[in-house]
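The structure appears below as structure tokens.
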Amino acid sequence: MPTHAYDRLSFLDNSFLMMETPTSPMHVTGTATFESGPLRTADGGIDIDKIRDYVASRLHLIPRYRQRLAYVLMKHHPVWVDDEHFNIDYHVRHLALPKPGDERQLKRLAARVTAQHLDRQKPLWEIWVLEGLANPAHFIMISKIHHCMVDGVSSVDLLKVLLKPEPTDGFDSAPPWIPSPAPSRWDLVSDVLGRFARLPIEIARSFSQSVQEARDPDSGIRASLNALRQTLGSGMRGVSDTPLNQRIGPHRRLDWLTMDLDTVKGVKKRLGGTLNDVVLATVAGALRRFLQRRGVDVAPLDFRVMAPVSVRTEQELGTLGNRISAWMVPMPLGEPDPIQRLEKIREATEHLKHSKQALSAAVLTQVGEWTPSTLLSLGARLAVRVLPFNLVVTNVPGPQQPLYMLGARMVDNFGFIPLIDSLCLGVVLFSYSGKLCWGFTGEWDLLPDLHDFVGDIEASFLELSDAPERMEIQDARMELDVRLLAAVLRRAAIRDRVAPEGDRHPVAEDLASIDEPRPPRAP
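Each residue of the sequence shown is one higher than the one before, counting from 725 in our numbering.
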């Protein structure tokens, strides 16, 4: 009797399918530059057949890439099944830019590819190999993977499947692949009915266990529940309406920027905080500039950034699916001083760490596993109508050594996230081989000045990199305080000698009357 194989989508994976609309394709896009190297053919093109054969030879390590969606009863109950008609030529595509093949043409084409929905009747990924660049020694690989398959961290793990730390030329042929028979409709219906039958028992068991753990003051569930209360409370507050939060259309713009990672780490070391704090402070300064140029008064804005946080355990590294949660970080856009912006963001992220907000959001996704998909669909639609944040900024750590695909070195890699509902802008950071690669996704009609925002990012980071060290500021303030105190004591000593004790002024009057300390005279 044939063995039927299928995997049920998790609550979080399924939610990304539910959120997809005609104007919001929910796939993650990456645009990587490679040195052509040994993949360049005699006529100057790219050996696409070799690339296809190589990708096919690695797919047994990532079986999800040869699976498609099947549905139980209705479209809201998807499962993964093997695609019996899988065709590598469909998924690895080849095209070329028209001359001159400049960066503007590349960004327009990558944005057009990003805006196109993936075919749900096939495995939900595509790779576009692009040649014809102005620099003939390079080619581009545009990858598209539906968000229901991967989060940021697991997609980085996939790089380890296709890319190697050393250049290689040969590879083993693809092992034979025989798709498992897809389950019948009755198999899937039986599974759903069985799950529904077990649902009350599972909920009761989980509830009883949770109550017992909540009574234990040392249990982590109490901290999780408190964090959950804080998360729900903050999420109920609406955010300010800005030009970056209007109803989006179906078309996209893409842009990107590269920074030296050591330079960014140097700012972190001088000014304090984490690398992510420096990134968020840079974004805050850029938002301030961008919105002020649009005529927005930024002082009263309640502007929040959703920063995804991985909750993937060490045991889950290398697995597909989504294991992410999120922080809601307030942006101090009304603060003109870059150092103070960084300090406020550092305080906010420290509070989020101690409140375990990311853990509480993970609790929500676990509770969601009990939710029937019809309710999930409704919840997903409602969730994107009242978003508790204005912008998504995700920072994904990548490998710091150069990686190669069949001897072709990867030069950079920029990520682009899907936009939903009223989010007109998304920012992805990916660190790789000493570079911090910024990827910007913008709505076509609402952000024709996306390139100006990229310039604002550069200007905002320059403000931070040129700012004095925190210790220099503290030392200067301490020196001023010491000089003021010395002046007070000096004047008090003079009055003790020339005035009766009853005529002395109080210290408060001395402080009010002291002149600003004068700089020492030049010798």
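All residues carry an ideal CB built from backbone N, CA and C; glycine is no exception.
**Asked** Where does GLN1064 sit, in a helix, a strand or coil, going by DSSP?
**Response** helix
**Asked** Where does the unbroken beta strand (DSSP E) through ASP979 begin, and where does it stop?
**Response** 976 to 984
**Request:** From the DSSP output, in three-state form, read off PHE1138 for me.
**Result:** strand
**Message:** Assess contact between the stretch 1002 to 1020 and the stretch 858 to 866, defined as three or more Cβ pairs (one per stretch) separated by less than 8 Å. Is contact present?
**Reply:** no
**Request:** Provide the residue(s) that pair with GLN791 in DSSP beta bridges, ordered along the chain.
**Result:** ASP806
**Asked** Where do the N-terminal and C-terminal ends of the beta strand (DSSP E) with ALA827 fall, by residue?
**Response** Checking the sequence shown, residue 827 turns out to be Glu, not Ala. Here GLU827 belongs to no beta strand (DSSP E); instead the alpha helix (DSSP H) covers 827 to 839.
**Message:** Whole angstroms are fine: how far does the CA of PRO1032 sit from the CA of VAL1117?
**Reply:** 7 Å
**Asked** So, PRO1126 versus SER1155, is the Cβ gap smaller than 7 Å?
**Response** no
**Message:** I need the DSSP call for HIS870, collapsed to helix, strand or coil.
**Reply:** strand
**Request:** Enumerate in chain order the residues of its own chain whose CB-to-CB distance from GLU1193 is below 8 Å, with the five nearest sequence positions on each side excluded.
**Result:** ARG994, LEU995
**Item:** Collapsed DSSP secondary structure at ASP731 in the structure displayed
**Value:** strand
**Prompt:** Taking the alpha-carbon positions, what's the PRO1062 to SER1146 distance?
**Reply:** 28 Å
**Request:** Check ALA780 in the structure and name its three-state DSSP category.
**Result:** helix
**Item:** Separation of VAL885 from ALA1183, as counted between CA atoms
**Value:** 37 Å
**Request:** Could you tell me the distance, in whole angstroms, from the CA atom of GLY1139 to the CA atom of VAL1152?
**Result:** 6 Å
**Message:** Which residues does DSSP list as the beta-bridge partners of ASN1119?
**Reply:** LEU1153
**the stretch 1014 to 1032 contacting the stretch 985 to 992, beta-carbon criterion three pairs below 8 Å** = no
**Prompt:** Under a Cβ-count criterion, where at least 16 other Cβ atoms within 10 Å of its own Cβ denotes burial, should PHE758 be classed as buried or exposed?
**Reply:** buried
**Asked** CA-CA distance, PRO824 and LEU833?
**Response** 14 Å
**Message:** For GLU890, which residues in the same chain have their Cβ closer than 8 Å to its Cβ, ignoring the five residues on either side in sequence?
**Reply:** TYR1128
**Request:** Check GLU1071 in the structure and name its three-state DSSP category.
**Result:** helix
**Chain-order list of residues whose beta-carbon lies under 6 Å from that of GLU744 (same chain, five-residue window excluded)** = MET750
**Asked** Would you call the CB atoms of VAL874 and VAL816 closer than 7 Å?
**Response** no
**Item:** Residue environment, ASN859, which counts as buried when at least 16 other CB atoms sit within 10 Å
**Value:** exposed
**Asked** How would you call ASP737, buried or exposed, if buried means at least 16 neighbouring beta carbons within 10 angstroms?
**Response** buried
**Request:** Check whether the Cβ atoms of ASN969 and ASN1137 sit closer than 7 Å, and answer yes or no.
**Result:** no
**Prompt:** Just reading off the beta strand (DSSP E) that GLY1131 is part of, what are its end residues?
**Reply:** It is not in any beta strand (DSSP E) - GLY1131 carries neither H nor E in the DSSP assignment.
**Asked** Mapping DSSP to helix, strand and coil, what is ILE772?
**Response** helix
**Unbroken alpha helix (DSSP H) run spanning THR1250, endpoints** = Only positions 725 to 1247 of the chain appear in the structure, and residue 1250 is not among them; the question remains open.
**Asked** With 7 Å set as the bound, which would you pick, yes or no: does the beta-carbon of ASP1021 sit closer than that to a beta-carbon of chain C?
**Response** This model lacks chain C altogether; it includes just one protein chain.
**Prompt:** Do LEU763 and ASP773 come within 7 Å of each other at the CB atom, strictly closer than that value?
**Reply:** no
**Request:** Report the partner residues of SER748 according to the DSSP bridge assignment.
**Result:** THR745
**Request:** Mark TRP901 as exposed unless 16 or more other C-beta atoms lie within 10 angstroms of its C-beta, in which case mark it buried.
**Result:** exposed
**Request:** Given a cut-off of 7 Å, decide if ALA835 and LEU978 are closer than it, judged by their beta-carbon atoms.
**Result:** yes
**Asked** Can you tell me whether DSSP reads PHE1185 as helix, strand or coil?
**Response** helix
**Message:** By alpha-carbon positions, which one of GLY997, PRO1142, THR1006, SER904 ends up nearest to HIS1075?
**Reply:** GLY997
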